[in-house]
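A short write-up of the structure that comes next.
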Amino acid sequence: MDRRSLESVFAGVAQSVLYDEPLVRHTTWRIGGPADVLIIPGTLTEVKAALASARRHELPVFVLGRGSNLLVKDGGIRGVVLKLGDDFAAVETSELSLTALAGRTIVSAAHIAIRRGLSGLEFATGIPGTVGGAVTMNAGAHGGEIRDVLAKATVIDRAGEVLEVLPQDLAFAYRHSGIGEKGLVVVTATFALTAGDRVKMQERVRAWSRRRIVSQPLSLPSCGSVFRNPPGDFSARLIEAAGLKGQRIGNAMISDLHANFIVNLGQAQAADVMALMRLAQTAVWERFGVKLEPEVRVVGEDEARR
Ligand SMILES: Cc1cc2nc3c(=O)[nH]c(=O)nc-3n(C[C@H](O)[C@H](O)[C@H](O)COP(=O)(O)OP(=O)(O)OC[C@H]3O[C@@H](n4cnc5c(N)ncnc54)[C@H](O)[C@@H]3O)c2cc1C
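Offset between the sequence shown (1-based) and the working numbering: plus 12.
Now the structure itself:
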C-alpha cells in the first residue's frame with residue numbers, strides 16, 4: 013500500500029501515527045530502516061482501533077517495545093508497527109504482587125518492587141526492555157526469568173478481544189514465548205512476588221550492576237547478547253576463542269569487551285551486523301562444531317518500500 017493510502021487508512025486512529033518512521037530512532041542498537049506506519053497509541057481504545065484498521069486492510073502488525081532485542085533490517089518493516097510507550101507505564105503493587113502496563117520498563121518495575129520490599133524481579137534490574145517485551149521474550153538473568161514470577165497477563169488478540177492469560181497459556185521456553193506466534197499484544201502483566209529484605213535486595217542488584225558495567229560494553233549501542241548460550245557453554249567464550257573479538261564490518265564490531273555483543277560504532281547498517289553474525293556462526297561451527305542460534309530477533313526487509 014502506498015503512503016497516501018496508508019494515511020487515509022490510519023488518519024485519526026491514534027494520537028501519534030508516523031509514516032516512513034526510521035526505526036533507528038526506536039531500537040537500542042540505533043539500527044533499522046523505516047516502518048511504513050508507526051502507531052504509538054495512548055489508550056486501549058487506540059490499540060484496538062489500530063488493530064482493527066490493520067485487520068480490515070490485511071496489513072501485517074509488528075509489536076515493538078524498546079527495541080532492545082531487535083535487529084530491524086535496513087529496508088524496514090512493511091505494514092504497521094505498534095509501539096506501546098509512555099502512556100502504558102502505570103504500575104501498582106498490592107501485598108505480594110506488582111501489576112504493570114506493558115510499556116513500563118521492566119527495570120523501573122523491578123526497582124519499584126524492591127523499594128516496596130517485594131522480591132522476585134531483582135534479576136530484571138539490568139534488562140533494558142519493556143514489561144511487554146520482557147514477558148514476550150521470557151527475559152532472564154542471574155538464574156531468574158519472567159516465567160518464574162508471572163502470575164497472569166492481559167493481552168489483546170488480533171480480533172481485538174481483551175483476554176486474561178496464565179503462564180501455562182504462553183508456551184514459555186528459554187528466551188521465548190508463544191506470544192508472537194499467537195499474534196497477541198501484551199497490555200499488562202502481574203507478577204507474584206514474596207516479601208523480601210530491601211537492603212539485601214539492593215546490595216545484590218548493586219553487585220550485579222557493578223559486574224555488568226565492567227564486563228559489558230554499555231556505553232555503545234547494542235542489543236545485549238546476540239546469540240543464545242549453547243547448552244553447557246557460553247557464546248561469548250566460543251566467539252572469543254575463535255579469535256573474533258574486535259572484528260569489524262562497516263561500523264559494526266564484535267565487542268572487544270564481551271564477544272557476544274555486537275556494538276554500533278556509529279551509523280552501522282543491519283547488513284553489517286548480519287555479516288558479523290554469519291562470520292561468528294561460521295567460525296564457531298568450523299572450530300568447535302557448535303551451532304550458534306541468534307537470541308536477537310531479526311525482523312523486516314532487506315529492501316526499502318518502493
Ligand atoms: C545492554 C543490553 C543488555 C541486555 N541484557 C539482557 C539480559 O540480561 N537478559 C535478557 O533476557 N535480555 C537482555 N537484553 C535483551 C532485551 O532487553 C530483552 O529481550 C527485553 O525483554 C526486550 O524488551 P523490549 O521491550 O525491548 O522488546 P523489543 O526488543 O522491542 O521486542 C522483542 C520481542 O517482543 C515483542 N514485543 C515487545 N513488546 C510486546 C508487547 N507489548 N506485546 C507483544 N509482543 C511484544 C516484539 O514483537 C519482539 O518480538 C539486553 C539488551 C541490551 C541492549
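Beta carbons: idealized from backbone N, C-alpha and C, even for Gly.
query, result
"Please report how far the alpha carbon of Gln228 lies from the alpha carbon of Leu269, in whole angstroms.", "6 angstroms"
"Tell me the DSSP bridge mates of Lys95?", "Leu76"
"From the DSSP output, which residues share a beta bridge with Arg260?", "Met265"
"If contacts are defined as beta-carbon pairs under 8 angstroms, then Lys164 and Thr202 qualify, I think. What distance do you get, rounded to the angstrom?", "5 angstroms"
"Just confirm the distance between the C-beta atoms of Pro140 and Thr40, as a whole number of angstroms; I'd bet it's less than 8 angstroms.", "6 angstroms"
"Could you compute how far the alpha carbon of Gln27 sits from the alpha carbon of Val198?", "20 angstroms"
"Please find out if some non-hydrogen atom of ligand 1 comes closer than 7 angstroms to the beta-carbon of Leu191.", "This sequence places Ile at residue 191; Leu is not what is there. Checking the Cβ of Ile191 against ligand 1 gives yes."
"I need the DSSP call for Phe239, collapsed to helix, strand or coil.", "strand"
"Round the Cβ separation of Ile52 and Gly97 to the nearest angstrom and send it over; I've been treating them as touching at under 8 angstroms.", "5 angstroms"
"Less than 8 angstroms separating the beta-carbons of Ala93 and Arg116?", "In the sequence as displayed, the identity of residue 93 is Val instead of Ala. No, the Cβ-Cβ distance between Val93 and Arg116 is not below 8 angstroms."
"Give me the residue from Leu182, Ala204 and Tyr186 with the minimum Cα distance to Lys194.", "Leu182"
"May I ask you to report which of helix, strand or coil DSSP gives Thr57?", "helix"
"In chain order, what residues of the same chain have a beta carbon less than 6 angstroms from the beta carbon of Gly44, not counting five sequence neighbours either side?", "Leu35, Val36 and Val84"
"Within the stretch 165–253, note down every full alpha helix (DSSP H) run reaching 4 residues or more, in order along the chain.", "191–194, 210–227 and 247–253"
"So the beta strand (DSSP E) Val103 belongs to, where does it begin and stop?", "Val103 to Ser106"
"Work out the CA separation of Leu108 and Leu130 for me, nearest whole Å.", "7 angstroms"
"Should Lys303 go down as buried or exposed, given a rule of 16 or more other Cβ atoms within 10 Å for buried?", "exposed"
"For Gly301, which option in Val75, Ile251 and Leu76 has the closest C-alpha, if you only look at C-alpha atoms?", "Ile251"
"Enumerate, from N- to C-terminal direction, the unbroken beta strand (DSSP E) stretches of 3 or more residues contained entirely within the stretch 267–310.", "274–276"
"Would you check if the stretch 307–314 and the stretch 236–243 touch, i.e. whether three or more CB-CB distances between them fall below 8 angstroms?", "yes"
"Is DSSP giving Gly45 helix, strand or coil here?", "coil"
"Please check if any C-beta of chain B sits within less than 8 angstroms of the C-beta of Leu232.", "This model lacks chain B altogether, as it is built from one protein chain only."
"Across which residues does DSSP place Glu33 in a beta bridge pair?", "Ala47"
"Using the Cα positions of Phe100 and Leu288, report the straight-line distance between them to the nearest angstrom.", "35 angstroms"
"What residue range does the alpha helix (DSSP H) around Ala23 cover?", "From DSSP, Ala23 is part of no alpha helix (DSSP H); its letter is neither H nor E."
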